[in-house]
Amino acid sequence: MPYRLLGHFLSVLFLLPGLSFAAAERAAKTTGWQSQRDRLRPHYRASQPSQRLLRSPLLAKTPASSAAAAFPDTLNILALRAEFQPDSLEETTGNGLFMLAANPEITIDPPPHNRAYFAAQLTALANYYKSVSNGKVVLNFQVLPNDENAAYRLPQDMRYYGPGRDSAERDKRLAELLRDAINAADAAGSVDFSQFDSFIIFHAGIGEDFAEEIDETPNDIPSAFLNLNDLRKDLGNNDPGYRGIAVQNGAFFIEDGILLPETQSREIVGSGLIEFGLLGTSTLMFGYQLGLPNLFNTETGASGIGQFGLMDQGSNNYQGLIPAQPEAWSKVFLGWEEPIVITSGENFEIAAALANNPNKIYKIPITDSEYFLLENRSRDLNGDRIASGRDVNGVRIQFRENDFAAEQAISVITQVDEYDFGLPYTVDQNNRALPGPGILIWHIDENIIRANYANNRVNADADHRGVDLEEADGAQDIGRFYGFLDPGSGSELGLPEDAWWSKNPVITEYLRPDEPVSFGPKTMPSTAANNGSNTGIVITNFSDIAPVMTFSLRNQFAVPNFPQYAGGSAAALLSPMLADLTGDDKADIVAATISGEIFAWQADGSKVIANGDVATVTQPNGLTAQIPRATFAAGGPLASPPAFADVVGDGRAEVIALLQEGKLQVWQAKDDDGNGRADLAWQVEVGATQSNVVVRAETKNVFCGNEAGTVFSFTGAGELRWQTALQRPVRGLALLGNGLLVTLDNGSAVLSENDGAVIPSNLPLSRGPAPNGAFAIADIDNDGQIEGLVAEQNGRLFFPNQQNAEQTVLDFGAAIGGLAIGDINRDGRKEVVLAAGNQLFAVNYNGVVTENFPRKIGEQPRTAFVAQYLISPIIADVDGDGSQDVLVPGADGNVYAYRGNGSLVEGFPLALPGPGRGSLAAGDLDNDGKLELVGASGSGFVHVWRLPESSGQADWPIYHHDAAQTSLNPARETPVITDGKLMPEQSVYNYPNPAREGSTRIRYRLNGAAKVKISIFDTAGDLVTEFEGPGLAQADNEVEWQLNGVQSGVYLAKVEAQGDTEKVMKIIKIAVVK
């Protein structure tokens, strides 16, 4: 059908050289072009990005290792004009041929659409990328055929290549269009394809790129970028050896290409002609060429970042004439900008892209894979409410909020001085448009990007985007679908109030009218990590909108120069440890992998052993980068985390490592031979082992065991003191008062520390295999005698029975990673804390789980958790309230801290990307009297958090209690005597209730020693059973009622406690359902 170019939407004034405007000021904050654009939004095909140019010198730099040395560089574009077999079809626009006749009624991208026209379009493309990349992308181009009005004729009509069919056939026909155009040019024999980096096909007709309510031409061709995978699928039959479109007799292969129409202006039913600039589409498609992914939802077409970035709706800002600048992440991703990494400070200057100030983008780390990027976006740098442009003939154009003007009729607009002029804007009290938006804060999650970049789904999940704008107005509107009368209508592509500045009216008048504008843990949106954990980040003191704005940052948890990379994965990293390796009276941080690499950092993040070691890591775009590694030593796969003590007498701790192959090694934190590794003080052979190593720091004696069942003791100089054969493989060691607890694969034993002799013990020793680490030593009942607790691999914990010589066996139903002992509820008695599966338990001195426990550790299912990770809690006062808290890493990537009453400590959880494994570590790294917390992430990074509210006290600060790996808490507690009723009535209950299988447990608290009898009656008053319960004072007590043979129904349990001077009775109801 013929073109129906009947009118245009934008108000265009042809003015005299004075360029005066007659348009009235508008009070509305949304411009006319914006509101019309909302009626006709682009819905581009979700093209896959190319990684071909990312491997070139131009874009080889990545966020982790970018530098300006690779820029500027040049890309050469070959543009081919292709027309179709002529037609008169109603389902396509035009007749299949280019529009070569001039039409003075058309304002934007007017015909003739000849060779000069497309050269002008490429000039506009080159100028855009030169501007937004700050000169780092230079585009040269050639347009063929050389004849001004010629075009390559394709073998099919437009309908053949159009999308009016299923998606698979649509994709195939687009690939055929690219191939047929290239083949036509190749057949002409006038071009050396190998001289070009990018290939663009300009075809006759308009693009099927906008959502029209009534689409009368459904077989118009969508704009697309087709990469090698697309061509392999649609042209190469999914042949892995397919190399692309062969040209020049197979001497060269074209791996990707861009399809663009001659124009984007179109006639809309009921609206007439609406005009769009082709530049918006071409800049978006070339973004794919450079490697940028879609930042809209590729599954639904919904917006992901709205008008604020090129790779979404921002490409069509100002009717496609002024596409938005790429947002901060895209610039960093392509290496155009190097972000300034900050953790705290006042009045940071942040400049708009065109401002004469180098501070363009700031990066605020959250985790090793998650961070905020801040940029200052200014739509009108000088505040004159005008953006200036030029067309290909040099005619000057002035853009205002609602119209543009020129001295005479214009051709293709090839340059604009402010590419963010099309951003949404707000007005001041005088209805004058502000130059903002202001500071945009982007939440970047590289794990999401890395997982979804290849399949083009970076922002496909609206609740977990890889590149997400923190919308300052508190509503996550971008990408939502609102009806015309819905409150959010008009906000789906972003609003000016989504930016941050001191006078943002949504914040100052509605959200927090009595507070200055800030972005923190308790604001909406908040600075929480994507898993909901607290980052401690607070951004304040936003300035007013200006070319150079300012803000301040504080982070109560941040420690400079961390995280640091150790490598490996969560399954490879052992628990981090703390010890003074350098002799400066400050704890250093040590992390080791199962494979035997040991890494060590000082508290300031510097390497303990200076070297040039780096690790190669994969970036989200698939490229690799090198980052430092603080290698200390590497001897071979480790049996357990190292121990630390000054065994050689040099005034600083040595690293004592036990290798699985049977070597016991002692490393000193010095490098006298200059090989970039710690020096080996001594090593001995002890035989293959899965044991840990323990040190008695006072005597400098070192203990370990092996698979043959032999336990060894060495002096600090490496001389053998004694060895004892126990005949069964040794699994773990812990220090007693003057002895050594040894866990074996079938039980436990106690040895004399002096000579290794087996000595009698009344400790509750395991009767089965214990995993390395699941044991602990302490006087848990304050009787002056230490008790040893051992857990088996099947989840059973052997516990001393306080009323008889028998030991109590507690079954937690899942493997136990490690034990910690400390007083977490301030009752003057120690509790035993452990994690089994994803449940955190606290057990009091008589083997009863304490009130308000267990607690679920995060949201990870227990089965998945147990299959991969065993975790071990630590105990420390992290909030300064005088009570010890329990800290544990979760499988969901959070660090949790629980009070003794089971509640979560305020400010927790903290973000630790990837599933937690092993233990955390707490210690005062900077000698300020406050604790720092250390944890290893699933991605191989070691994180450090400052705990500014901590008291500095820790009952069980690291794995196995201390650096020497003793597993001994020697502290004595003073029991708190609770006054009140012998058995408080509210403390008597049973669980579960109703009881559905097996048994139910009856629980009660005693404030004094008592004899306890439980009588169970049915509702008729008949006695069902009677039994005694434990009667320990100042403790919760429990007794189990076995339900074998008990029928379903309601029962009455009478609990009687008889003390020396008081008798108390309480009746509770128990429901049994079978």
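Residue 311 in our numbering sits at position 311 of the sequence shown; the count goes up by one each step and never skips. Each residue gets a CB set at the ideal place from its N, CA and C atoms; glycine is no exception.
Out of the options, state which residue places its alpha-carbon closest to the alpha-carbon of residue i.
i            : options               : result
residue 1135 : 396, 372 and 412      : What the structure shows of the chain is the stretch from 1 to 1074, and residue 1135 is not part of that stretch, so it cannot be assessed.
residue 451  : 443, 464 and 441      : 464
residue 614  : 607, 645, 626 and 493 : 626
residue 289  : 368, 319 and 125      : 125
residue 518  : 400, 978, 134 and 540 : 540
residue 334  : 133, 500 and 489      : 133
residue 394  : 53, 385, 992 and 406  : 406
residue 810  : 249, 698, 796 and 783 : 796
residue 354  : 343, 366 and 421      : 421
residue 182  : 233, 151 and 207      : 151
residue 468  : 297, 725, 886 and 667 : 297
residue 287  : 883, 331 and 1064     : 331
residue 197  : 208, 101 and 139      : 139
residue 174  : 315, 145, 261 and 947 : 261
residue 460  : 295, 347 and 488      : 295
residue 658  : 673, 641 and 668      : 641
Would residue i pass as a contact of residue j if the rule is Cβ separation under 8 Å?
i            : j           : result
residue 589  : residue 934 : yes
residue 591  : residue 942 : yes
residue 780  : residue 821 : yes
residue 656  : residue 695 : yes
residue 586  : residue 925 : yes
residue 548  : residue 520 : no
residue 325  : residue 419 : yes
residue 556  : residue 582 : no
residue 902  : residue 829 : no
residue 705  : residue 730 : yes
residue 1076 : residue 96  : No information on residue 1076 is available, as it lies outside the stretch 1 to 1074 that the chain covers here.
residue 975  : residue 782 : yes
residue 210  : residue 78  : no
residue 480  : residue 423 : no
residue 456  : residue 46  : yes
residue 542  : residue 500 : yes
residue 285  : residue 223 : yes
Assuming residue i contacts residue j under a Cβ cut-off of 8 Å, what Cβ separation, rounded to an integer in Å, is found between them?
i            : j            : result
residue 246  : residue 83   : Contact flag wrong, Cβ pair sits at about 23 Å.
residue 279  : residue 323  : 6 Å
residue 360  : residue 349  : Not really, about 10 Å apart at Cβ, beyond 8 Å.
residue 219  : residue 91   : 5 Å
residue 506  : residue 473  : 4 Å
residue 390  : residue 400  : Residue 390 to residue 400, Cβ: 16 Å. No contact.
residue 1017 : residue 1052 : 5 Å
residue 644  : residue 653  : 4 Å
residue 193  : residue 252  : 5 Å
From the DSSP secondary-structure annotation, give me the bridge partner or partners of residue i.
i           : result
residue 246 : 253
residue 626 : 616
residue 851 : None; residue 851 has no bridge partner.
residue 523 : Looking at the DSSP assignment, residue 523 forms no beta bridge with any residue, so it has no partner.
residue 577 : 590
residue 73  : 137
residue 45  : DSSP output for residue 45 lists no bridge partner at all.
residue 961 : 958
residue 978 : DSSP lists no partner for residue 978.
residue 936 : 942
Let me check you understand the geometry: is the CB of residue i closer than 7 Å to at least one non-hydrogen atom of the ligand HEM?
i           : result
residue 583 : Ligands in the displayed structure: none, and consequently the ligand HEM is not present.
Are there three or more Cβ pairs, one per stretch, closer than 8 Å when the region 219-232 is compared with the region 249-266? Touching, yes.
Does the region 1019-1028 come into contact with the region 994-1003, if we say contact requires no fewer than three beta-carbon pairs (one atom in each stretch) closer than 8 Å? no
Contact between the region 596-603 and the region 626-641 is defined here as three or more beta-carbon pairs at a separation below 8 Å; is this criterion met? yes
Please confirm if the region 950-958 is in contact with the region 561-568, defined as three or more CB-CB distances below 8 Å between the two stretches. no
Closer than 8 Å is the cut-off here; do at least three beta carbon pairs connect the region 113-131 with the region 174-190? No, because fewer than three Cβ pairs between the region 113-131 and the region 174-190 fall closer than 8 Å, the two stretches do not touch.
Are there three or more Cβ pairs, one per stretch, closer than 8 Å when the region 839-847 is compared with the region 904-913? no
How do the region 955-963 and the region 1040-1053 stand: do at least 3 beta-carbon pairs fall below 8 Å, yes or no? no
Taking 8 Å as the threshold, find out whether the region 644-654 comes into contact with the region 663-683 through three or more Cβ pairs. yes
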